[in-house]
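Residue numbers (our numbering): 5 to 272.
If you want it as structure tokens, here you go:
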């Protein structure tokens, strides 16, 4: 039980990687508050978590709306008494568009509002609870797209670079209060959100099979498929006391993808 009695707020926890994080945290004894715009799915996840040491609740919240985030933090504190952990998981990818001349300004703004402004607002309101307690852990979902270019739509890649910068900046401020701030950067994981990364020419009738094939072909680490549970386990490590002196870090879950020159194939 790595999170026994801890209170965690998880955005975008109704599906995908977020749902996996919710289930793993609950398994490790955390009291989990899911924040999502998908009310029915969020409620279903909570209802399915009927056994174990942890508790779970759901609150509707759009990470772009400060009032929603403020209310969600207040809801979690009122329900469970405090807030120990924030997981910034909510995010959007955007439609693939390899020509910047055809990129939509409105979609660009939407991606940044969700991925960057959303993370900022959640950090801001989590901090007002964590600072007086002199304790807390904040983990944001970044991406290999936050480290290198050319692995997704411009808005997505730009926004994830911004999340990494925000993580480092907030870690520098909140360290004096005993609060750790980190992020994780996964390689390609087969979720509905990630399917937007798949080039049109690689798409098949079975979208997930096509995505897995595309990811495997371009991966550095062969014979292992990255799953949502792998990402959740990395987030668990950063949220728990096992990483009690880790802050300002970007934990790469990419099998060496970002340390490899994919054009200069010396070892292939």
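For glycine and all other residues, C-beta sits at the position ideal for the given N, C-alpha and C. Keep in mind it's a predicted model, so treat the numbers as computed, not measured.
May I have the straight-line CA-CA distance separating residue i from residue j, to the nearest angstrom?
| i | j | result |
| --- | --- | --- |
| residue 180 | residue 172 | 14 Å |
| residue 131 | residue 187 | 16 Å |
| residue 157 | residue 101 | 6 Å |
| residue 28 | residue 242 | 13 Å |
| residue 258 | residue 30 | 25 Å |
| residue 109 | residue 268 | 34 Å |
| residue 105 | residue 246 | 46 Å |
| residue 122 | residue 83 | 22 Å |
| residue 136 | residue 199 | 41 Å |
| residue 112 | residue 7 | 37 Å |
| residue 86 | residue 53 | 21 Å |
| residue 45 | residue 222 | 32 Å |
| residue 91 | residue 144 | 6 Å |
| residue 93 | residue 107 | 25 Å |
| residue 70 | residue 41 | 14 Å |
| residue 254 | residue 151 | 10 Å |
| residue 59 | residue 249 | 27 Å |
| residue 55 | residue 78 | 25 Å |
| residue 99 | residue 217 | 20 Å |
| residue 66 | residue 142 | 18 Å |
| residue 9 | residue 153 | 40 Å |
| residue 13 | residue 215 | 30 Å |
| residue 35 | residue 16 | 16 Å |
| residue 228 | residue 32 | 25 Å |
| residue 51 | residue 182 | 34 Å |
| residue 155 | residue 260 | 15 Å |
| residue 118 | residue 62 | 19 Å |
| residue 191 | residue 140 | 27 Å |
| residue 225 | residue 195 | 19 Å |
| residue 37 | residue 252 | 24 Å |
| residue 138 | residue 5 | 23 Å |
| residue 280 | residue 256 | Outside the displayed range of the chain (5 to 272) lies residue 280, so it cannot be described from this structure. |
| residue 159 | residue 197 | 14 Å |
| residue 47 | residue 128 | 26 Å |
| residue 68 | residue 164 | 16 Å |
| residue 212 | residue 81 | 38 Å |
For the beta strand (DSSP E) holding residue i, just list the boundary residues, first then last.
| i | result |
| --- | --- |
| residue 144 | 140–145 |
| residue 184 | 183–190 |
| residue 39 | 35–40 |
| residue 13 | 11–15 |
| residue 254 | 254–257 |
Under 8 Å by Cβ, that's how I've got residue i and residue j pegged, so tell me the actual separation to the nearest angstrom.
| i | j | result |
| --- | --- | --- |
| residue 120 | residue 176 | Not a contact, Cβ separation roughly 18 Å. |
| residue 73 | residue 96 | Their Cβ separation, rounded to whole angstroms, is 16 Å, which puts residue 73 and residue 96 out of contact at 8 Å. |
| residue 189 | residue 126 | Rounded, the Cβ-Cβ distance is 18 Å, inconsistent with contact. |
| residue 161 | residue 25 | 23 Å between Cβ atoms; not a contact. |
| residue 76 | residue 39 | 5 Å |
| residue 64 | residue 88 | Contact flag wrong, Cβ pair sits at about 22 Å. |
| residue 4 | residue 262 | Given that the chain is displayed from residue 5 to residue 272, the structure contains no residue 4 and the question cannot be resolved. |
| residue 124 | residue 178 | Actually they are not in contact, since the Cβ atoms of residue 124 and residue 178 sit about 13 Å apart, beyond 8 Å. |
| residue 185 | residue 174 | 5 Å |
When you measure from the CB of residue i to every non-hydrogen atom of the ligand GDP, does any distance come out below 7 Å?
| i | result |
| --- | --- |
| residue 241 | In terms of ligand content, the structure shown is empty, and the ligand GDP therefore cannot be addressed. |
Can you give me the start and stop residues for the alpha helix (DSSP H) that residue i sits inside?
| i | result |
| --- | --- |
| residue 240 | 232–243 |
| residue 217 | 211–222 |
| residue 26 | 20–31 |
Hey, is residue i's beta-carbon within less than 8 Å of any beta-carbon in chain D?
| i | result |
| --- | --- |
| residue 73 | The chain inventory of the structure shown lacks chain D, comprising one protein chain alone. |
List, from N- to C-terminal side, the beta strand (DSSP E) runs of 3 residues or more that fit wholly inside the region 46–88.
DSSP runs (the beta strand (DSSP E)) wholly in the region 46–88: 59–64.
Give a yes or no on contact between the region 11–28 and the region 223–237, applying the rule of three or more CB pairs nearer than 8 Å.
Contact holds: three or more Cβ-Cβ distances are below 8 Å.
Which runs of the alpha helix (DSSP H) fall wholly inside the region 94–171 and span at least 4 residues, in chain order?
DSSP runs (the alpha helix (DSSP H)) wholly in the region 94–171: 109–116, 122–137.
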